[in-house]
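**Q** Have a look at the structure that comes next, please.
Protein chains: 4
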Amino acid sequence: MLIRRTDLALEAKEIWQESAEKTSRLPGVKATERRSEGYPVTRVDILDRRGEEALGKAAGSYRTIDLTDFWQRRDGFFERAVRAVGAELKALIPDRGSVLVVGLGNGAMTPDAVGPLAADHVLVTRHLLSAMPAHFSGFRSVSVLRTGVLGTTGLESAETVRAMVEQTKPGLVIAVDALASRRMGRVCATIQLTDTGIAPGSGVGNHRAALDEAALGVPVAAIGVPTVVDAATLAADLLEESGAADIDPERLRQGHANFMVTPRDIDGQVRDLAKVVGYGINWALQELDIEEITALLS
Amino acid sequence: MLIRRTDLALEAKEIWQESAEKTSRLPGVKATERRSEGYPVTRVDILDRRGEEALGKAAGSYRTIDLTDFWQRRDGFFERAVRAVGAELKALIPDRGSVLVVGLGNGAMTPDAVGPLAADHVLVTRHLLSAMPAHFSGFRSVSVLRTGVLGTTGLESAETVRAMVEQTKPGLVIAVDALASRRMGRVCATIQLTDTGIAPGSGVGNHRAALDEAALGVPVAAIGVPTVVDAATLAADLLEESGAADIDPERLRQGHANFMVTPRDIDGQVRDLAKVVGYGINWALQELDIEEITALLS
Amino acid sequence: MLIRRTDLALEAKEIWQESAEKTSRLPGVKATERRSEGYPVTRVDILDRRGEEALGKAAGSYRTIDLTDFWQRRDGFFERAVRAVGAELKALIPDRGSVLVVGLGNGAMTPDAVGPLAADHVLVTRHLLSAMPAHFSGFRSVSVLRTGVLGTTGLESAETVRAMVEQTKPGLVIAVDALASRRMGRVCATIQLTDTGIAPGSGVGNHRAALDEAALGVPVAAIGVPTVVDAATLAADLLEESGAADIDPERLRQGHANFMVTPRDIDGQVRDLAKVVGYGINWALQELDIEEITALLS
Amino acid sequence: MLIRRTDLALEAKEIWQESAEKTSRLPGVKATERRSEGYPVTRVDILDRRGEEALGKAAGSYRTIDLTDFWQRRDGFFERAVRAVGAELKALIPDRGSVLVVGLGNGAMTPDAVGPLAADHVLVTRHLLSAMPAHFSGFRSVSVLRTGVLGTTGLESAETVRAMVEQTKPGLVIAVDALASRRMGRVCATIQLTDTGIAPGSGVGNHRAALDEAALGVPVAAIGVPTVVDAATLAADLLEESGAADIDPERLRQGHANFMVTPRDIDGQVRDLAKVVGYGINWALQELDIEEITALLS
Numbered sequence: 036m037l038i039r040r041t042d043l044a045l046e047a048k049e050i051w052q053e054s055a056e057k058t059s060r061l062p063g064v065k066a067t068e069r070r071s072e073g074y075p076v077t078r079v080d081i082l083d084r085r086g087e088e089a090l091g092k093a094a095g096s097y098r099t100i101d102l103t104d105f106w107q108r109r110d111g112f113f114e115r116a117v118r119a120v121g122a123e124l125k126a127l128i129p130d131r132g133s134v135l136v137v138g139l140g141n142g143a144m145t146p147d148a149v150g151p152l153a154a155d156h157v158l159v160t161r162h163l164l165s166a167m168p169a170h171f172s173g174f175r176s177v178s179v180l181r182t183g184v185l186g187t188t189g190l191e192s193a194e195t196v197r198a199m200v201e202q203t204k205p206g207l208v209i210a211v212d213a214l215a216s217r218r219m220g221r222v223c224a225t226i227q228l229t230d231t232g233i234a235p236g237s238g239v240g241n242h243r244a245a246l247d248e249a250a251l252g253v254p255v256a257a258i259g260v261p262t263v264v265d266a267a268t269l270a271a272d273l274l275e276e277s278g279a280a281d282i283d284p285e286r287l288r289q290g291h292a293n294f295m296v297t298p299r300d301i302d303g304q305v306r307d308l309a310k311v312v313g314y315g316i317n318w319a320l321q322e323l324d325i326e327e328i329t330a331l332l333s
Numbered sequence: 036m037l038i039r040r041t042d043l044a045l046e047a048k049e050i051w052q053e054s055a056e057k058t059s060r061l062p063g064v065k066a067t068e069r070r071s072e073g074y075p076v077t078r079v080d081i082l083d084r085r086g087e088e089a090l091g092k093a094a095g096s097y098r099t100i101d102l103t104d105f106w107q108r109r110d111g112f113f114e115r116a117v118r119a120v121g122a123e124l125k126a127l128i129p130d131r132g133s134v135l136v137v138g139l140g141n142g143a144m145t146p147d148a149v150g151p152l153a154a155d156h157v158l159v160t161r162h163l164l165s166a167m168p169a170h171f172s173g174f175r176s177v178s179v180l181r182t183g184v185l186g187t188t189g190l191e192s193a194e195t196v197r198a199m200v201e202q203t204k205p206g207l208v209i210a211v212d213a214l215a216s217r218r219m220g221r222v223c224a225t226i227q228l229t230d231t232g233i234a235p236g237s238g239v240g241n242h243r244a245a246l247d248e249a250a251l252g253v254p255v256a257a258i259g260v261p262t263v264v265d266a267a268t269l270a271a272d273l274l275e276e277s278g279a280a281d282i283d284p285e286r287l288r289q290g291h292a293n294f295m296v297t298p299r300d301i302d303g304q305v306r307d308l309a310k311v312v313g314y315g316i317n318w319a320l321q322e323l324d325i326e327e328i329t330a331l332l333s
Numbered sequence: 036m037l038i039r040r041t042d043l044a045l046e047a048k049e050i051w052q053e054s055a056e057k058t059s060r061l062p063g064v065k066a067t068e069r070r071s072e073g074y075p076v077t078r079v080d081i082l083d084r085r086g087e088e089a090l091g092k093a094a095g096s097y098r099t100i101d102l103t104d105f106w107q108r109r110d111g112f113f114e115r116a117v118r119a120v121g122a123e124l125k126a127l128i129p130d131r132g133s134v135l136v137v138g139l140g141n142g143a144m145t146p147d148a149v150g151p152l153a154a155d156h157v158l159v160t161r162h163l164l165s166a167m168p169a170h171f172s173g174f175r176s177v178s179v180l181r182t183g184v185l186g187t188t189g190l191e192s193a194e195t196v197r198a199m200v201e202q203t204k205p206g207l208v209i210a211v212d213a214l215a216s217r218r219m220g221r222v223c224a225t226i227q228l229t230d231t232g233i234a235p236g237s238g239v240g241n242h243r244a245a246l247d248e249a250a251l252g253v254p255v256a257a258i259g260v261p262t263v264v265d266a267a268t269l270a271a272d273l274l275e276e277s278g279a280a281d282i283d284p285e286r287l288r289q290g291h292a293n294f295m296v297t298p299r300d301i302d303g304q305v306r307d308l309a310k311v312v313g314y315g316i317n318w319a320l321q322e323l324d325i326e327e328i329t330a331l332l333s
Numbered sequence: 036m037l038i039r040r041t042d043l044a045l046e047a048k049e050i051w052q053e054s055a056e057k058t059s060r061l062p063g064v065k066a067t068e069r070r071s072e073g074y075p076v077t078r079v080d081i082l083d084r085r086g087e088e089a090l091g092k093a094a095g096s097y098r099t100i101d102l103t104d105f106w107q108r109r110d111g112f113f114e115r116a117v118r119a120v121g122a123e124l125k126a127l128i129p130d131r132g133s134v135l136v137v138g139l140g141n142g143a144m145t146p147d148a149v150g151p152l153a154a155d156h157v158l159v160t161r162h163l164l165s166a167m168p169a170h171f172s173g174f175r176s177v178s179v180l181r182t183g184v185l186g187t188t189g190l191e192s193a194e195t196v197r198a199m200v201e202q203t204k205p206g207l208v209i210a211v212d213a214l215a216s217r218r219m220g221r222v223c224a225t226i227q228l229t230d231t232g233i234a235p236g237s238g239v240g241n242h243r244a245a246l247d248e249a250a251l252g253v254p255v256a257a258i259g260v261p262t263v264v265d266a267a268t269l270a271a272d273l274l275e276e277s278g279a280a281d282i283d284p285e286r287l288r289q290g291h292a293n294f295m296v297t298p299r300d301i302d303g304q305v306r307d308l309a310k311v312v313g314y315g316i317n318w319a320l321q322e323l324d325i326e327e328i329t330a331l332l333s
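Spelled out as structure tokens, the structure:
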């Protein structure tokens with residue numbers, strides 16, 4: 036079997052099911068589907084060690100919102116997407132306490148910029164609460180960290196987050212990152228939310244060490260947006276679809292390792308989805324409606 | 036046969052040769068190979084109507100510099116690339132007269148930004164010659180036009196170029212644009228120079244109408260850098276390589292039409308190649324060495 | 036008297052009145068004040084040659100909206116500002132025919148970036164009307180030109196505008212530019228609209244030749260936003276206020292010529308005012324309300 | 036006396052000397068002048084408590100390089116400036132041990148962007164030394180932190196720096212920041228280096244808490260570039276020069292508090308000086324010449 040790269044629990048489950056031998060039921064995993072604000076939501080809960088081994092992901096709840104329809108820009112598409120993201124996030128996090136929002140990835144490289152761009156839409160309140168506690172008592176304390184990338188900082192993202200968690204002692208970390216999907220149809224058309232944090236090696240870049248409760252000592256929610264397909268993964272899927280059998284998977288991977296597949300309008304799509312994520316975080320944390328968020332951010 | 040999209044004469048010739056029936060010699064086309072400054076250069080001259088029909092490109096000279104080795108950053112890689120581009124350009128253009136350099140494409144979308152980014156490295160002298168003719172008499176008059184894109188201007192690039200040519204009456208237009216290649220190995224690793232100008236529908240965006248001597252009334256050289264592979268072209272090539280025969284080409288194209296394949300480090304690579312192109316233009320036009328160009332641009 | 040630099044007709048009138056000898060009534064000029072959407076509007080009409088000579092500006096109507104209150108962000112501040120700009124513009128231009136909107140100035144230098152930034156908020160429709168005339172029949176044809184600056188193009192702004200007017204034959208040009216004021220209180224707190232176009236030497240940069248009906252053959256409305264005070268003008272005003280009499284004006288000017296005075300938050304203020312201008316243009320041209328504009332621009 | 040705002044020890048000394056009563060020798064302060072690489076260097080050493088009180092700055096060595104001539108771009112102007120900065124820095128810091136370079140200020144606001152822009156030119160080696168210690172053994176370990184600004188992070192710069200110092204335990208911090216000068220002639224024409232770190236309230240923004248050895252537990256060198264004059268400081272100086280005596284200083288300050296005076300070409304000048312600072316840091320830390328630095332940064 037050709038090795039495929041995916042950061043989505045949903046796809047890890049698909050890959051498991053596609054493998055010919057595994058006709059039996061997937062143990063330790065529970066999956067359900069429903070709609071939220073008009074968008075399909077798939078929930079994959081990894082319940083135990085068996086589920087972790089089958090899917091190669093940590094135990095926890097993974098919720099994937101399908102935003103394919105978002106791009107048709109029908110009535111309320113933006114507000115509905117914000118509420119859908121906000122509602123899933125709210126279900127995964129404690130309902131009080133201060134929050135550190137972390138934008139992971141490289142703001143100068145579009146497919147990796149979801150994290151820093153989303154961070155720009157998050158209402159920052161920690162300094163206001165500290166300066167004028169009475170005036171801002173209705174707000175939850177939120178600070179924002181943009182970690183940058185190893186090549187321009189010399190600092191691992193996980194190191195930077197750990198340092199700021201130890202210094203500022205938030206009750207929760209929400210990390211936003213770009214992901215890789217195996218299917219072009221999910222690129223810039225999906226948002227995954229999870230309460231497991233982020234494992235090493237995820238994302239477009241390589242953020243290395245874990246950002247999870249074990250590493251940081253506080254709950255970590257993660258919001259991921261797939262922005263690329265590995266060219267190698269695309270090639271593998273195309274070849275399997277076509278029934279080609281005798282391709283050397285390693286040679287295929289080598290030829291494509293430095294390439295990625297993205298939407299032609301990646302800049303516009305990443306910008307719009309980052310705004311949905313940032314607003315969704317505000318919706319979940321501050322109990323504000325979308326107009327109030329817009330007014331406060333301007 | 037699956038339809039493939041390429042802007043490179045070199046690849047149009049490859050595709051012609053790959054088609055099984057065409058074992059005979061390609062008529063009306065002359066191709067040669069050599070090295071310049073350590074980089075391989077392939078020259079495809081389309082001599083007549085037969086060559087135009089076979090390759091689907093206008094008659095003229097197409098020179099493709101293979102910069103694969105550029106990225107190994109060996110001694111003098113940048114200066115050698117500048118001189119290689121400069122020398123091919125010099126061979127294609129009149130050796131005196133004023134020049135309008137046109138940066139085509141969308142500066143806000145990396146794979147389409149080669150044109151505007153290269154324009155930023157071009158020595159602009161027209162206004163200096165006009166204000167202080169004696170002082171700058173050693174320079175060729177150069178002005179620069181960045182056309183922007185239809186969606187944000189409402190103006191066709193060709194219309195804008197035609198307007199400026201009529202207004203300022205340059206002796207030559209040099210147009211710089213992003214191209215699509217069929218092979219990932221050529222993306223951000225090739226520069227094509229031609230004396231035919233640019234035909235409709237080329238490039239990542241759609242610049243529509245022709246930019247050539249027939250349309251503008253002055254010679255038009257074009258410098259193109261492939262920055263993307265069509266996902267559909269990639270898929271078609273992969274499937275043919277693997278011997279898959281019964282794929283519906285239209286369905287394949289539809290599923291991938293809005294996607295493109297680019298290098299992971301597209302931002303850095305486009306930035307570096309745009310500098311090579313801009314410096315190469317200065318080298319060809321102004322008879323300056325690379326250090327002098329750097330000093331004048333700072 | 037120390038020479039002061041202003042692009043506002045309002046200030047030219049003030050300066051005339053301040054000069055001790057001119058106690059008589061200003062001939063050939065009519066000035067009125069009123070409010071629009073809660074913002075004060077001063078209208079200075081220069082009626083004839085006497086008015087032109089007294090104020091050093093071309094005959095025509097100059098309307099200055101005082102947006103000082105804008106920054107208090109009270110209810111509807113943005114929508115009201117858009118309608119105020121839109122209504123003054125509408126009164127100055129023909130009510131039908133195609134329009135070329137020109138963003139003058141340097142987008143890379145904040146105090147000079149009002150023009151290009153406003154252009155980014157203008158609904159571009161010319162290409163849509165051309166491709167789908169029935170579908171977009173309710174819209175006025177609008178195209179947008181960003182001229183760039185002489186140092187990076189070698190082309191005078193006026194030359195570029197003239198070329199595009201000749202090529203595309205719009206019925207009206209609307210030019211947006213940054214201005215210099217003599218008073219800090221008016222910087223980023225005022226918008227001037229006029230039907231006279233733009234005279235040489237205005238603005239932060241130096242756009243040189245005239246953009247007016249005489250030069251272009253079509254009516255030219257101009258929208259200007261003061262973003263700087265000359266440091267020399269500031270110094271002169273301060274010294275006169277303080278009664279200092281024996282300062283050498285030329286020495287004063289020399290020491291300050293390369294400096295300007297801007298608000299600390301120039302980036303944010305220019306961005307917000309450019310949006311007001313762009314939306315105001317849409318409001319005047321397309322008969323859309325602010326929500327519709329936002330939806331169409333996203 | 037009108038209160039003036041300066042971050043330069045050199046100017047604090049000037050102001051002390053200008054006050055009429057202080058005709059005596061300034062106690063606890065030693066000042067010397069010399070040239071380095073063709074640029075004048077003024078050294079002000081604050082030796083004890085008396086010097087601290089007189090100048091309102093912490094005891095330590097302050098070296099101010101006068102780069103007025105830099106803008107004439109004479110032979111070797113850039114390399115000489117880099118070596119001048121590098122040599123002063125080297126004299127102020129330990130000659131071995133790992134370093135955390137901190138870029139303070141707001142990268143999105145030009146006059147406050149010196150810190151983050153300089154950081155972009157610093158050779159980052161910590162991750163390379165960690166991954167390939169043998170290969171990079173000739174380099175000093177350097178990591179880079181861009182703190183961002185309170186309004187978009189909710190985190191004090193000092194808090195962020197303290198967190199990273201505790202986490203990564205560097206032997207030295209080098210902080211780069213924008214300063215305010217009292218004289219337009221020094222804006223973008225001066226670089227101050229000191230071994231005292233940075234005190235609260237310095238800079239264009241307000242970075243609040245101290246970044247010095249007492250706060251961080253490691254030596255802190257600071258490199259500051261004046262990029263603005265307070266409009267209020269300018270006004271005060273102009274009025275005193277002109278002999279105006281009866282101005283209310285508070286009223287003057289209020290009218291100008293939200294304005295600043297900057298060079299017209301602030302973007303270009305800040306960009307060039309940030310490069311001088313970044314290269315100067317590399318020169319001091321890595322014992323590389325300028326060509327080697329350029330090659331490693333590309």
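Chains as they are written, first to last, in this note's numbering: chain E, 36 to 333; chain V, 36 to 333; chain H, 36 to 333; chain P, 36 to 333.
No residue lacks a Cβ here, since even glycine has one placed at the ideal position from N, Cα and C.
Keep in mind it's a predicted model, so treat the numbers as computed, not measured.
Would DSSP call residue 161 of chain H helix, strand or coil?
**A** On the third sequence, residue 161 of chain H is found 126 positions in, with the first residue counted as 1. Note: residue 161 of chain H maps to helix in three-state DSSP.
**Q** To which residues does DSSP link residue 294 of chain E through a beta bridge?
**A** Position 259 of the first sequence, counting from 1, holds the residue named residue 294 of chain E. Residue 294 of chain E pairs with V/298.
**Q** Residue 399 of chain V touches chain E at which residues, Cβ-Cβ below 7 Å?
**A** No answer is possible for residue 399 of chain V: it lies beyond the span of chain V, which begins at 36 and ends at 333.
**Q** 9 Å is my cut-off, CB to CB: does residue 108 of chain P come that close to chain V?
**A** For the purposes of this step, residue 108 of chain P is taken as the residue at position 73 of the fourth sequence. Yes, residue 108 of chain P counts as interfacial toward chain V.
**Q** Please classify residue 173 of chain V as buried or exposed, where buried requires at least 16 neighbouring CB atoms within 10 angstroms.
**A** Within the second sequence, the letter at position 138 stands for residue 173 of chain V. Label assigned to residue 173 of chain V: exposed.
**Q** Listed from N- to C-terminal order along the chain, which residues in the region 133-167 of chain H have their beta-carbon within a distance smaller than 7 Å of any beta-carbon of chain V?
**A** Those residues of the region 133-167 of chain H that come within reach of chain V (Cβ to Cβ, closer than 7 Å) are 159, 160, 161, 162.
**Q** Name the chain H residues whose beta carbon is nearer than 9 Å to that of residue 312 of chain P?
**A** Start at 1 with the first residue of the fourth sequence, and residue 312 of chain P comes out as number 277. Within 9 Å Cβ-Cβ: nothing; residue 312 of chain P doesn't reach chain H, min ~21 Å.
**Q** Measure the alpha-carbon distance for residue 267 of chain P versus residue 167 of chain H and round it to whole angstroms.
**A** Against the fourth sequence, residue 267 of chain P aligns to sequence position 232. Against the third sequence, residue 167 of chain H aligns to sequence position 132. Residue 267 of chain P and residue 167 of chain H: Cα-Cα distance of roughly 57 Å.
**Q** What is the C-beta distance between residue 183 of chain E and residue 132 of chain E, in whole angstroms, given that I count them as a contact (C-beta under 8 Å)?
**A** Counted from its first residue, the first sequence places residue 183 of chain E at position 148. Counted from its first residue, the first sequence places residue 132 of chain E at position 97. Actually they are not in contact, since the Cβ atoms of residue 183 of chain E and residue 132 of chain E sit about 26 Å apart, beyond 8 Å.
**Q** For the region 72-108 of chain H, which segments carrying the beta strand (DSSP E) assignment without a break, of at least 3 residues, lie completely within its bounds, in sequence order?
**A** You should have 74-81, 95-101.
**Q** So, is residue 192 of chain P buried or exposed, given that buried needs 16 or more other C-beta atoms within 10 angstroms?
**A** Position 157 of the fourth sequence, counted from the first residue, corresponds to residue 192 of chain P. Its Cβ being crowded by 16 or more others within 10 Å, residue 192 of chain P is buried.
**Q** Go through its chain and collect everything with a Cβ distance to residue 112 of chain V's Cβ below 8 Å, but skip five positions before and after it.
**A** The residue labelled residue 112 of chain V in the question sits at position 77 within the second sequence. Cβ neighbours of residue 112 of chain V beyond the five flanking positions: 104, 105.
**Q** Go ahead and pull the three-state DSSP assignment for residue 204 of chain P.
**A** Along the fourth sequence, read from residue 1 onward, the residue named residue 204 of chain P stands at position 169. In this structure, residue 204 of chain P counts as coil in the three-state DSSP scheme.
**Q** Just the Cα atoms here: how many angstroms apart are residue 43 of chain V and residue 124 of chain V?
**A** Your numbering for residue 43 of chain V matches position 8 in the second sequence. Your numbering for residue 124 of chain V matches position 89 in the second sequence. For residue 43 of chain V and residue 124 of chain V, the distance between alpha carbons rounds to 16 Å.
**Q** Using 9 Å as the limit for Cβ to Cβ distance, is residue 131 of chain V near chain H?
**A** Taking the first residue of the second sequence as 1, we reach residue 131 of chain V at position 96. It does not; no Cβ of chain H falls within 9 Å.
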